[in-house]
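Chemist:
Residue numbers (our numbering): 1 to 222.
1) If I measure Cβ to Cβ from residue 138 and keep anything under 7 Å in the same chain, skipping five residues before and after, which residues do I get?
2) Check residue 173 in the structure and name its three-state DSSP category.
3) Where does residue 154 sit, in a helix, a strand or coil, going by DSSP?
4) Hey, quick one: how far does the beta strand (DSSP E) through residue 228 stretch, first residue to last?
5) Exposed or buried, which one is residue 206 when buried takes at least 16 other CB atoms within 10 Å?
6) Just to confirm my understanding: we take residue 115, look at its own chain, exclude 5 residues before and 5 after, and list those with CB closer than 6 Å. What are they?
7) Whole angstroms is fine: what's the gap from residue 99's alpha carbon to residue 111's?
8) Taking the C-alpha atoms as reference points, what is the distance between residue 62 and residue 118?
9) Pick out whichever of 25, 51 and 81 has its Cα sitting closest to the Cα of residue 40.
10) Based on the DSSP output, what are the partners of residue 159 in its beta bridges?
11) Keeping to the same chain, check which residues put their C-beta closer than 8 Å to that of residue 193; ignore five residues upstream and five downstream.
12) Since I believe residue 174 is in contact with residue 222 (beta carbons under 8 Å), could you give me their beta-carbon distance rounded to a whole number of angstroms?
13) Could you name the residues of the same chain whose beta carbon sits closer than 7 Å to that of residue 78, not counting the 5 residues immediately before and after it, in chain order?
14) In three-state DSSP terms, what is residue 145?
15) What are the residues that DSSP puts in a beta bridge with residue 33?
16) By how many angstroms is the C-alpha of residue 142 removed from the C-alpha of residue 165?
17) Which residue wins for smallest C-alpha separation from residue 136, given the options 24, 26, 197 and 31?
18) Under 6 Å Cβ to Cβ from residue 191, same chain only, skipping five residues before and after it: list those, please.
19) To the nearest angstrom, report how far apart residue 22 and residue 140 are at their CA atoms.
20) Taking 8 Å as the cut-off, decide whether the C-beta atoms of residue 215 and residue 27 are in contact.
As structure tokens, this is what we get:
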């Protein structure tokens, strides 16, 4: 694990877009796990601009969304947000953009299928995510015990199908963005406190190839 601190969130975001771009350049046929947190959307738009400038080629990339809202509980899908911010702006094949199912009679079938799809793709090369102000990653919320694989999580905004902690930790590389003063306290807990399911992002400390990108505001207690 490594921690990189930048002056402000715009520079941290630029660093994040550079790391994402580097993965595609290094392995054109890579498999990405992509979060749809609000703070990552400007990063995706920046990467889309790189693509428009001819710097990146997504034709062989496979992208797996880390979550999808249950259709009955949401007005807009995660996939539609990713289409607007990234997929619709780059030359990725639409059949190479994946997300968990948004509705099902049996959620265990949907979740198991998504895990199997990721495994059949060869696993995630780069897991690209943001850390929530509560220490959540993807939509894995703090609890006495964390689900290891894709599952349905109940959030304050409705149900979300999300990859689990083991799915995240099995990625070959993880890039985690944390910016803003509302991340100061949780950053202190992540880096100075114990590894605990109450703070899911604390487990990223145990990953051999995880990179945290913070701005100075978030890093005040690190």
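In this text, a Cβ means the ideal position worked out from N, Cα and C, and glycines have one as well.
Modeler: Answer, in terms of the structure:
1) Residue mapping note: residue 138 aligns to position 138 of the chain shown, counting from 1. Taken in chain order, the residues that qualify are 35, 66, 67, 129, 162, 163 and 168.
2) To locate residue 173, count along the chain shown from 1; it is residue 173. Secondary structure of residue 173 (DSSP, three-state): strand.
3) For the purposes of this step, residue 154 is taken as residue 154 along the chain shown, with counting starting at 1. Here residue 154 carries a strand assignment [DSSP, helix/strand/coil].
4) In the structure displayed, the chain extends from 1 to 222; residue 228 sits before or after that span and is not available.
5) Start at 1 with the first residue of the chain shown, and residue 206 comes out as number 206. So residue 206 counts as exposed.
6) For this step, residue 115 is matched to residue 115 along the chain shown. So the qualifying residues of the chain are 149 and 150.
7) Residue 99 sits at position 99 when you count from the first residue of the chain shown. Residue 111 sits at position 111 when you count from the first residue of the chain shown. Rounded to whole angstroms, residue 99 to residue 111 spans 10 Å at the Cα level.
8) In the chain shown, counting from the first residue as 1, residue 62 sits at position 62. In the chain shown, counting from the first residue as 1, residue 118 sits at position 118. Each residue's Cα considered, the two are about 10 Å apart.
9) Mapped onto the chain shown, residue 40 falls at position 40. Nearest of 25, 51 and 81 to residue 40, Cα basis: 81.
10) The count along the chain shown starts at 1 and reaches residue 159 at position 159. Beta-bridge pairing links residue 159 to 154.
11) Mapped onto the chain shown, residue 193 falls at position 193. Excluding positions up to five away in sequence, the list reads 199 and 202.
12) Residue numbering aside, residue 222 sits at position 222 when the chain shown is read from its first letter. Residue numbering aside, residue 174 sits at position 174 when the chain shown is read from its first letter. Contact doesn't hold; Cβ gap of about 17 Å is too wide.
13) In the chain shown, the residue the question calls residue 78 occupies position 78. So the qualifying residues of the chain are 36, 65, 67, 68, 69 and 99.
14) On the chain shown, position 145 is the one that residue 145 refers to. Looking at residue 145 - three-state DSSP - the assignment turns out to be coil, as it is neither helix nor strand.
15) On the chain shown, residue 33 is found 33 positions in, with the first residue counted as 1. According to DSSP, which records beta bridges pairwise, residue 33 is partnered with 64 and 127.
16) Residue numbering aside, residue 165 sits at position 165 when the chain shown is read from its first letter. Residue numbering aside, residue 142 sits at position 142 when the chain shown is read from its first letter. For residue 165 and residue 142, the gap between their C-alpha atoms comes out near 11 Å.
17) The residue you call residue 136 lines up with position 136 of the chain shown. If we check each option's Cα against that of residue 136, 197 comes out closest.
18) For this step, residue 191 is matched to residue 191 along the chain shown. 222.
19) Along the chain shown, one-based indexing puts residue 22 at 22. Along the chain shown, one-based indexing puts residue 140 at 140. In a straight line, the C-alpha of residue 22 is about 27 Å away from that of residue 140.
20) By 1-based counting over the chain shown, the position of residue 215 is 215. By 1-based counting over the chain shown, the position of residue 27 is 27. Going by C-beta atoms, residue 215 is not nearer than 8 Å to residue 27.
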